[in-house]
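Written out below as structure tokens is the structure these notes cover.
2 protein chains.
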Amino acid sequence: METPIQSIGKFLDNEILIKREDLLPFSFGGNKFRIAQKFFEDMESRNCNCIITYGGIHSNLARIVSNLASSQKIPCYIISTHDGGDESPASNDFLRRISGAEIVECEKKNIAATVETLIENLKNRGYSPYYTHGNSLGVGNESTATSAYAEAFNEFDLGGGGHIFLPVGTGMTIAGLIAGKFLNSSRVKITGICVAKDRQITFERVQNYVDTYLKRHVDLESLVEITDEFLCGGYGRIDHEVEDTIREIYSTHGIALDPIYTGKAFRGMKKFIEKNHLSGEKILFIHTGGLPLFFDFIRK
Amino acid sequence: METPIQSIGKFLDNEILIKREDLLPFSFGGNKFRIAQKFFEDMESRNCNCIITYGGIHSNLARIVSNLASSQKIPCYIISTHDGGDESPASNDFLRRISGAEIVECEKKNIAATVETLIENLKNRGYSPYYTHGNSLGVGNESTATSAYAEAFNEFDLGGGGHIFLPVGTGMTIAGLIAGKFLNSSRVKITGICVAKDRQITFERVQNYVDTYLKRHVDLESLVEITDEFLCGGYGRIDHEVEDTIREIYSTHGIALDPIYTGKAFRGMKKFIEKNHLSGEKILFIHTGGLPLFFDFIRK
Chain A
1 METPIQSIGK FLDNEILIKR EDLLPFSFGG NKFRIAQKFF EDMESRNCNC
51 IITYGGIHSN LARIVSNLAS SQKIPCYIIS THDGGDESPA SNDFLRRISG
101 AEIVECEKKN IAATVETLIE NLKNRGYSPY YTHGNSLGVG NESTATSAYA
151 EAFNEFDLGG GGHIFLPVGT GMTIAGLIAG KFLNSSRVKI TGICVAKDRQ
201 ITFERVQNYV DTYLKRHVDL ESLVEITDEF LCGGYGRIDH EVEDTIREIY
251 STHGIALDPI YTGKAFRGMK KFIEKNHLSG EKILFIHTGG LPLFFDFIRK
Chain B
1 METPIQSIGK FLDNEILIKR EDLLPFSFGG NKFRIAQKFF EDMESRNCNC
51 IITYGGIHSN LARIVSNLAS SQKIPCYIIS THDGGDESPA SNDFLRRISG
101 AEIVECEKKN IAATVETLIE NLKNRGYSPY YTHGNSLGVG NESTATSAYA
151 EAFNEFDLGG GGHIFLPVGT GMTIAGLIAG KFLNSSRVKI TGICVAKDRQ
201 ITFERVQNYV DTYLKRHVDL ESLVEITDEF LCGGYGRIDH EVEDTIREIY
251 STHGIALDPI YTGKAFRGMK KFIEKNHLSG EKILFIHTGG LPLFFDFIRK
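One line per chain: the protein sequences are A and B, in this order. Going left to right, the first sequence walks through residues 1 to 300 as the working numbering numbers them. Going left to right, the second sequence walks through residues 1 to 300 as the working numbering numbers them.
And the structure:
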């Protein structure tokens, strides 16, 4: 299941490599495929027989969880809130419906209550439900989420002169890589570009994922850099430079980025390289998938 | 550049394998990526410096040719006619525009004159243009188109009990495989499902591609079966069974087929297997790509 690493040439004297997680061969791939597989393994080990997840209409995780569920003939429920992004028709929303997921809409403040009611109802109907995010407050399953990229770390480790860049939303993926770096005593640099929340909130989330997975507190500042300088105002918000980046990377390399995650992060990476005068580095940008969002973008 | 072969289980006692050409890592891959690469190699060997191709708004070839052109900073022109299919907004049309291709619209009866005028104009401006389809009547480049899958044949050959199924539109891909089968004296069976034209027209096209590539006349009937029984009335026309097939393959295997080529052919293959009582065969369905068409489909 190892994905290819592709060189796309130099940027300001740094070699830019792209880790093509978008080529993982199920449901348009992406980081959430590896993470969702971990949820399903965990679900099986707990003898559960239906799955609940959380995500808005643009959620890649909700798409993949519902598709894995349909491929295994397991009922799937998605707690769906307005994510603050664009509300026009979304491919990931169409796809989760094709997979037959039942969408349970609620307001953000009611998530916990909605999860609890749904779990209760499913239990009353004889099911043993599994919630990807742990308990009704979204706590308790950090370790499973983090394990995916902690275990895959060797595919990403470039060693001494290597520098990994990736978008950071929930923080599950970067937390796994940080844990992998820690466990392997790797010298690779990791820089996360915030695409959803500000640095402080994101940092705390990531710290929690890493510490829970490693079962100890680590000094996150020494292991990773997380920046919200290229957030464009929040989740789903973009500017013309993000749009131009998506068009440029497609027309120059035939690779599809998206406005919410990879396009915003790629543009952030370029700005970061410029601003910090990076030079002579081997840079690995993780293409974390999100292909359906590219197809939403080109119709805008 | 070898693509994976994935088993998706049994159908009526036959093992169904999918050759994931859709995972070729440029511009959403597909058979036309391999073929377009051959055109670009041929263009270079002829010292041409701009490319002209032909295709409607749904054309995968036009998308990939324009994207390869933009990635190599070569001007690209697309002679575009109404293809008789759906005229609502098409992802492949958006994509060729992002790649910066110049679209030259014309009626089908005026293709030759339009090609000639365009070539003349480009020559007058100092360019050395290359037309993917040969001369203005679309004749003379059959060998280049056929070479892609002739040379890749060993990736597809399943030998004795093997049976290849694939969609047949232009016929370039199946012609390459037939030539490869002939040259390798392979016993693999090949069945082409017509998705655009009736059997006679398609058969003649394929015969021409194969004979031109091999520089001899071969007995096509003994090398391949081509059927138009599952054509649904022509290019771009579908029925509910094709739609259901696309939804089923996505929800069961996380694989995206499309209405025009792969979905229609996959459904045709299943009908063919039933009707001809195939049993105990190892069947390789070639996923020839067309991912953007899947995203058009889910919005319908």
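Beta carbons are placed, not taken as given, at the ideal position from N, Cα and C, and that holds for glycine. All values reported here derive from a predicted model rather than from experimental measurement.
Residue-chain proximity (residue i, chain B), Cβ-Cβ < 8 angstroms
| i | result |
| --- | --- |
| Leu17/A | no |
| Arg96/A | no |
| Pro4/A | yes |
Beta-carbon neighbours of residue i, restricted to chain B and to distances below 9 angstroms
| i | result |
| --- | --- |
| Phe301/A | Since the first and last residues shown for chain A are 1 and 300, residue 301/A lies out of range. |
Chain-ordered chain B contacts of residue i [CB-CB under 8 angstroms]
| i | result |
| --- | --- |
| Ile298/A | Ser91, Phe94, Leu95 and Ile98 |
Beta carbon proximity, residue i to chain A, threshold 8 angstroms
| i | result |
| --- | --- |
| Arg20/B | yes |
| Leu23/B | yes |
Interface partners of residue i on chain D, CB under 8 angstroms
| i | result |
| --- | --- |
| Phe295/A | Of the chains in the structure shown, none is chain D; the protein chains are A and B. |
Whole-Å CB distance - residue i paired with residue j, under 8 angstroms assumed
| i | j | result |
| --- | --- | --- |
| Ala148/A | Arg46/A | Contact doesn't hold; Cβ gap of about 17 angstroms is too wide. |
| Ile18/A | Phe285/A | 5 angstroms |
| Glu21/B | Gly29/B | 6 angstroms |
| Leu95/A | Pro292/A | 6 angstroms |
| Thr262/A | Thr288/A | 6 angstroms |
| Asn67/A | Ser27/A | 4 angstroms |
| Ile64/A | Ala36/A | 4 angstroms |
| Tyr213/B | Ala265/B | About 22 angstroms separates the two Cβ atoms, so there is no contact after all. |
| Pro25/B | Gln6/A | 7 angstroms |
| Thr132/B | Thr53/B | 4 angstroms |
| Leu158/A | Val188/A | 5 angstroms |
| Val210/B | Val218/B | 6 angstroms |
| Glu281/B | Gly161/B | 6 angstroms |
| Leu223/B | Ile178/B | 5 angstroms |
| Ala256/B | Phe294/B | 4 angstroms |
| Cys76/A | Ser91/A | Not really, about 18 angstroms apart at Cβ, beyond 8 angstroms. |
The stretch 251-271 of chain A: which residues have C-beta closer than 7 angstroms to a C-beta of chain B, in chain order?
Ser251, Thr252, His253 and Gly254
Determine which residues of the stretch 28-54 of chain A have a Cβ less than 8 angstroms from any Cβ of chain B, and write them out in chain order.
If you check each beta-carbon in the stretch 28-54 of chain A against every beta-carbon of chain B, the ones closer than 8 angstroms belong to Phe28.
Unbroken beta strand (DSSP E) runs of length 3 or more, entirely within the stretch 71-133 of chain A: which are they?
Fully enclosed beta strand (DSSP E) runs of 3 or longer: 76-80, 102-105 and 129-131.
Give me the subset of the stretch 57-82 of chain A whose CB atoms are less than 7 angstroms from a CB atom of chain B, sorted by chain position.
Asn67, Ser70 and Ser71
Taking only beta carbons into account, state which residues of the stretch 194-222 of chain B come closer than 8 angstroms to chain A, listed in chain order.
none
At a CB distance below 7 angstroms, what residues from the stretch 93-126 of chain A approach chain B? Give them in sequence order.
Phe94, Leu95, Ile98, Ser99 and Gly100
Looking at chain B, which residues of the stretch 236-247 of chain A have a Cβ within less than 8 angstroms of any of its Cβ atoms?
Arg247
Could you tell me which uninterrupted alpha helix (DSSP H) segments, each at least 4 residues in length, are contained entirely in the stretch 224-282 of chain B, listed from first to last along the chain?
240-253 and 262-275
Can you list the alpha helix (DSSP H) stretches of 4 or more residues lying completely in the stretch 153-206 of chain B, in chain order?
172-183
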